[in-house]
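Take a look at the structure set out below.
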Amino acid sequence: MSSGSLDSRLAPLHRLWRILPARQRRALLWRATAMLAPRPRHPAPPAREGMWVAGELSRASGLGEVARLMLKGLDQLGVASWQIDLAHAIGAPSDLPAVPTTRPPPGVPLLLHVNAPQVPLALLRLPRALLRNRQLIGYWAWELPVVPSLWNGGASFVHEAWVLSRFTAAAVEPLLPGRVRVVPPPLAAAPPVASALDRAAFGLPEKAVVILVSFNLASSFQRKNPLGVVAAFRAAFGNRGDRLLLLKIGNPADFPDNFRVLREAVADAPNIRLDTRTLPAADRHALTRAADIVLSLHRSEGFGLVPAEAMLLGRPVIATGWSGNMEYMDAESARLVAYRLVPARDPRGVFEAPDAVWAEPDQRDTIASLRSLADDPELRASLGERGRLAAERRLGLGPLAEALRALGLAPAQ
66 MSSGSLDSRL APLHRLWRIL PARQRRALLW RATAMLAPRP RHPAPPAREG MWVAGELSRA
126 SGLGEVARLM LKGLDQLGVA SWQIDLAHAI GAPSDLPAVP TTRPPPGVPL LLHVNAPQVP
186 LALLRLPRAL LRNRQLIGYW AWELPVVPSL WNGGASFVHE AWVLSRFTAA AVEPLLPGRV
246 RVVPPPLAAA PPVASALDRA AFGLPEKAVV ILVSFNLASS FQRKNPLGVV AAFRAAFGNR
306 GDRLLLLKIG NPADFPDNFR VLREAVADAP NIRLDTRTLP AADRHALTRA ADIVLSLHRS
366 EGFGLVPAEA MLLGRPVIAT GWSGNMEYMD AESARLVAYR LVPARDPRGV FEAPDAVWAE
426 PDQRDTIASL RSLADDPELR ASLGERGRLA AERRLGLGPL AEALRALGLA PAQ
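If you're matching positions, the sequence shown starts at 66 in the numbering used here and goes up one per residue.
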């Protein structure tokens with residue numbers, strides 16, 4: 066059959082696929098790949114020294130950054146590693162330089178940095194011969210107290226799961242009883258290094274108190290809660306010229322409706338700026354360092370890379386006091402915003418599950434925290450230092466070394 070004939074036969078199916086709601090398309094894709102993907106051998110084969118890391122290595126995403134951090138952590142522990150970039154394979158856009166593939170020897174465990182529903186798709190994209198006689202470990206991030214039913218199928222393709230926080234572990238444990246391990250990314254072992262760019266380089270006023278909020282629209286507009294941020298900032302400071310809110314936004318072109326709603330909320334506020342540039346990591350860290358306060362008014366986080374990096378850079382953090390960020394922060398190391406739990410409602414249908422809840426941050430408490438820190442540079446400095454020490458203590462190599470030892474490997478630490 067010619068390719069033209071095949072294309073003509075598939076065209077109606079492709080049109081049908083495109084008119085299906087995104088939620089149904091995801092479910093169909095995940096179920097189809099689960100039927101086709103190779104399943105791991107049980108019990109798990111013995112692990113050979115080293116680790117094969119697969120994930121969105123060329124993508125500026127949370128999972129991509131965690132995969133890169135794992136490679137750095139393995140190197141510091143003296144554990145050999147091999148890598149393969151799966152960004153294109155799982156349909157994720159690459160916005161960082163290409164990453165070379167290195168071929169692992171037999172028996173080295175595979176650490177797969179894609180969430181459970183995408184595990185079958187990722188396995189289908191990997192050479193089947195390389196998957197034989199190998200332990201498969203899923204490294205998962207999730208932001209709700211329960212997981213959707215689609216995770217059930219993906220869980221059957223791994224021998225165990227590593228997760229970023231105890232919050233996520235509690236959600237995943239029913240899928241893999243006794244086979245879930247908390248392994249936060251070893252951020253303190255590879256701390257963020259800022260470039261030499263200063264406030265002037267970013268066009269920020271020297272004398273204003275700059276409050277930075279950084280998020281990616283691909284990570285759920287509702288979950289990241291930027292409208293709550295804008296409302297709290299405007300209520301706290303009005304149009305004061307010595308207070309500036311900087312919203313650093315990723316992927317606006319892919320989510321134009323969300324970006325339009327945010328622009329409408331900002332309107333003509335003279336002290337709120339939107340920055341949509343994709344910055345190199347060092348410049349992104351320089352922007353964080355240039356801020357006076359880093360704010361995360363999230364409804365839920367599986368971990369929270371942005372506030373963790375900010376704490377390691379010595380920036381004072383205000384954050385919703387619920388979910389995965391509590392893995393490394395407390396009331397002594399960050400200003401925690403009070404909240405109430407409400408049903409989780411995500412228009413995209415990604416962050417929803419039966420009986421799932423997330424936090425609704427308290428606006429009055431947010432306003433009070435913003436004002437107290439903005440008005441007191443000594444308080445900002447002391448909170449920033451306490452946050453740095455807490456993050457260094459809690460985000461080191463220890464959990465990764467312990468997880469490797471549990472596999473029968475021998476890290477240097």
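Heads up, the beta-carbon is just placed ideally off N, CA and C, and yes, glycines get one too. The model shown is predicted, which means the values in this text are computed figures rather than measured ones.
Secondary structure of residue i, DSSP reduced to three states
i	result
residue 350	helix
residue 426	strand
residue 82	Confidence in residue 82 is poor, its pLDDT being 44 and thus under 50, which makes the residue's placement too unreliable to answer from.
residue 121	coil
residue 361	strand
residue 280	strand
residue 384	strand
residue 67	Residue confidence for residue 67 is low, a pLDDT of 43 falling below 50, so the modelled location carries little weight; the figure read from the coordinates is stated next. Here residue 67 sits in coil by DSSP.
residue 246	strand
residue 149	strand
residue 263	coil
residue 340	strand
residue 143	coil
residue 135	helix
residue 295	helix
residue 321	helix
residue 407	strand
residue 432	helix
residue 402	strand
residue 219	helix
residue 391	helix
residue 444	helix
residue 186	helix
residue 454	helix
residue 196	helix
residue 474	coil
Classification of residue i by the beta-carbon crowding that lies within 10 angstroms, buried from 16 upward
i	result
residue 167	exposed
residue 369	buried
residue 341	exposed
residue 304	exposed
residue 214	exposed
residue 437	exposed
residue 462	buried
residue 366	buried
residue 343	exposed
residue 258	exposed
residue 113	buried
residue 266	exposed
residue 23	Lying before the first or after the last residue shown, residue 23 is absent from the chain, which here runs from 66 to 478.
residue 183	buried
residue 272	exposed
residue 394	buried
residue 361	buried
Beta-carbon proximity of residue i to residue j, cut-off 9 Å
i	j	result
residue 404	residue 420	no
residue 206	residue 233	yes
residue 397	residue 451	yes
residue 186	residue 98	yes
residue 237	residue 212	yes
residue 190	residue 151	yes
residue 339	residue 256	no
residue 310	residue 269	no
residue 172	residue 242	no
residue 479	residue 371	Residue 479 is absent from the model: the chain starts at 66 and stops at 478.
residue 331	residue 276	no
residue 130	residue 388	no
residue 159	residue 118	no
residue 347	residue 260	yes
residue 198	residue 106	yes
residue 422	residue 407	yes
residue 285	residue 313	no
Beta-bridge partners of residue i, as assigned by DSSP
i	result
residue 207	BP columns for residue 207 are empty, so no partner.
residue 225	202
residue 116	146
residue 272	Bridge partners of residue 272: none, in fact.
residue 15	Outside the shown range of the chain (66 to 478) lies residue 15, about which nothing can therefore be said.
residue 107	Bridge partners of residue 107: none, in fact.
residue 308	274
residue 241	Per DSSP, none; premise fails for residue 241.
residue 370	According to DSSP, residue 370 bridges with nothing at all.
residue 128	Looking at the DSSP assignment, residue 128 forms no beta bridge with any residue, so it has no partner.
Distance between beta carbons of residue j and residue i, contact taken as under 8 Å
i	j	result
residue 148	residue 472	Their Cβ separation, rounded to whole angstroms, is 18 Å, which puts residue 148 and residue 472 out of contact at 8 Å.
residue 301	residue 155	In fact, because the Cβ distance is near 41 Å, the residues do not count as touching under 8 Å.
residue 221	residue 400	Residue 221 to residue 400, Cβ: 42 Å. No contact.
residue 122	residue 164	4 Å
residue 435	residue 297	7 Å
residue 143	residue 132	At roughly 19 Å, the Cβ-Cβ gap does not stay under 8 Å, so residue 143 and residue 132 are not in contact.
residue 459	residue 363	Contact flag wrong, Cβ pair sits at about 19 Å.
Check: residue i C-beta below 8 Å from any heavy atom of the ligand NAP
i	result
residue 375	The ligand NAP is not among the ligands present in this structure, which contains no ligands whatsoever.
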